[in-house]
Amino acid sequence: MTNFTLQQDEKEKLFQLALIARETSYSPYSKFRVGAALLSEDGTFFKGCNVENASFGAAICAERTAYVKAVSEGHQKFKALAVSTDQVEFVSPCGICRQFIAEFSSPNMPVFFLNNKGEHKEYTFGQLLPFAFTSDDM
Ligand code: THU
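If you use the working numbering, the sequence shown corresponds to residues 2 to 139, in order.
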């Protein structure tokens with residue numbers, strides 16, 4: 002069973018990485034930088050940023066970048082996710098990302114939204130996507 006209680010140092014590192022991750026955002030079209038940080042069950046951190054494309058629909062969100070990096074390195078269980086933007090408002094994962102996250106994350110997993118002041122809000126993934134469709138439904 003995954004322990005979703007984060008140590009203070011884990012939380013601080015997660016937030017720091019989510020903020021840093023914005024710096025490599027490739028977002029020349031939207032000019033909307035997003036950073037994500039993901040903490041795997043074994044304590045490994047992954048960063049992700051949004052990566053856009055001249056064919057707009059091919060853009061990949063920061064959250065999915067982080068998950069794909071982690072899963073492709075052999076990590077499939079996660080303790081926490083943090084998402085940051087340059088806005089003062091808190092931004093939450095888009096619908097496609099929520100479905101993607103549901104494949105690898107429990108409804109109990111904490112998800113943090115960070116704004117450009119470094120302030121945060123905390124939710125559980127289940128609050129973001131109740132009644133998620135997963136392999137359990139098939
Ligand atoms: N974006 C993310 O990276 N994550 C989200 O949850 C919302 C949207 C990106 C996609 C696109 O590069 C830009 O933000 C504007 O939609």
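All C-beta atoms, glycine included, are put in the ideal place defined by N, C-alpha and C.
Asked	Found
Assuming GLY127 is part of the alpha helix (DSSP H), what are its boundary residues?	126-129
Could you check if GLU104 belongs to the surroundings of ligand 1, using beta carbon to heavy atom distance under 7 Å?	no
State the beta-bridge partners of THR86 as determined by DSSP.	VAL35
Taking the DSSP output, what are the residues bridged to LYS48?	ALA38
By alpha-carbon positions, which one of PRO108, ARG34, ALA22 ends up nearest to LYS70?	ALA22
What number of angstroms, rounded off, separates the C-alpha of ALA60 from the C-alpha of GLN9?	33 Å
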